[in-house]
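Student:
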Amino acid sequence: MKLYRIKKSDIDKKGRGLYATKDIKAGTKIIDYIGKLITKKETEESDKYDNNKPIYLFTINKRYDLDGDFSWNTAGLINHSCDNNCDYDGKGLKIWVKAIKDIKKGEEFTCDYGFGYDENYKQFKCKCKSKNCCGYIVRAESRWRINKKFAMSNKKKLINHSR
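When we follow this note's numbering, the leftmost residue of the sequence shown carries the number 287, and every step to the right adds one.
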């Protein structure tokens with residue numbers, strides 16, 4: 287029995303997501319993340335991997351990336367959440383998704399996409415609505431920068447408003 291089923295996402299209202307078909311314990315391998323192994327040179331030279339469209343790309347090692355942007359990569363349907371219940375793991379040239387928390391039957395699988403904080407972060411809006419969501423798809427270790435930026439911005443608005 288598969289551990290997941292595909293249905294309309296609660297996070298991405300226009301898209302689909304993967305949902306647990308039974309209760310799953312933390313540490314359980316859910317699904318392989320499959321795709322095409324490409325060289326770093328192919329990644330750098332291709333127009334496919336710009337930041338103006340969704341990218342399903344993982345760094346494997348110094349020489350290779352894994353391009354998962356294929357209809358047959360079911361794991362690509364897992365949506366981002368700032369309070370994710372799954373994470374990516376791998377060894378050698380393989381990547382898979384595993385549960386990092388206990389997951390209840392019917393719950394949507396989510397991962398932290400791990401985007402870096404740079405000048406492009408605003409083009410990747412987050413829709414997860416979790417308590418610790420900063421509004422953008424930025425890795426957990428960098429969200430404090432956005433939260434700090436918004437806190438300063440809101441403080442300035444309050445000061446200007448009170449004048």
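Backbone N, C-alpha and C define an ideal beta-carbon position, used for all residues, glycine too.
1. Would Thr396 and Asn418 qualify as a contact pair, given that the criterion is a beta-carbon distance under 9 Å?
2. Three-state secondary structure (DSSP) at Lys315?
3. Can you say whether Leu379 is buried or exposed, counting buried as having 16 or more other CB atoms within 10 angstroms of its CB?
4. Going by CA-CA distance only, name the one from Glu331, Gly376, Ile341 and Gly421 that's closest to Ile297.
5. Counting along the chain, where does the beta strand (DSSP E) carrying Lys294 start and finish?
6. Pick out whichever of Ile316, Phe344, Asp309 and Ile310 has its Cα sitting closest to the Cα of Ile324.
7. What residues are listed by DSSP as bridge partners for Lys322?
8. Tell me, to the nearest whole angstrom, how far the beta carbon of Lys391 is from that of Ala312; I am working on the premise that it is less than 8 Å.
9. Among the residues of its own chain, which have a CB less than 6 Å from the CB of Ser428, if the five just before and after it don't count?
10. Return the chain-ordered list of same chain residues with a C-beta closer than 7 Å to the C-beta of Ser416, the five sequence neighbours on each side being excluded.
11. Take Lys326 and list the residues in its own chain whose beta-carbon comes closer than 8 Å to its own, dropping the five residues that flank it on each side.
12. Can you find the residues in the same chain that come closer than 6 Å, C-beta to C-beta, to Thr329, ignoring five residues on each side of it along the sequence?
13. Check each candidate in Asp318, Trp430 and Arg425 and name the one with the smallest Cα separation from Gly376.
Tutor: Looking at the coordinates:
1. Between Thr396 and Asn418, the C-beta spacing is not below 9 Å.
2. The DSSP-derived three-state label of Lys315 is strand.
3. The residue is exposed, with fewer than 16 neighbouring Cβ atoms inside 10 Å.
4. Of the candidates Glu331, Gly376, Ile341 and Gly421, Gly421 places its Cα closest to the Cα of Ile297.
5. Per DSSP, Lys294 belongs to the beta strand (DSSP E) from Tyr290 to Lys294.
6. For the options Ile316, Phe344, Asp309 and Ile310, the alpha carbon positioned closest to that of Ile324 is the one of Phe344.
7. DSSP lists Asp353 as partners of Lys322.
8. Not quite, the Cβ-Cβ distance comes to about 15 Å (not below 8 Å), so this is no contact.
9. Excluding positions up to five away in sequence, the list reads Tyr403.
10. Beyond the five residues adjoining it in sequence on each side, Ser416 comes within less than 7 Å, by CB distance, of Ser367, Cys368 and Asp369 in the same chain, given in chain order.
11. Correct list, in chain order: Lys348, Arg349, Tyr350 and Asp351.
12. Tyr335 and Asp351, listed in sequence order.
13. Here the closest residue by C-alpha is Asp318.
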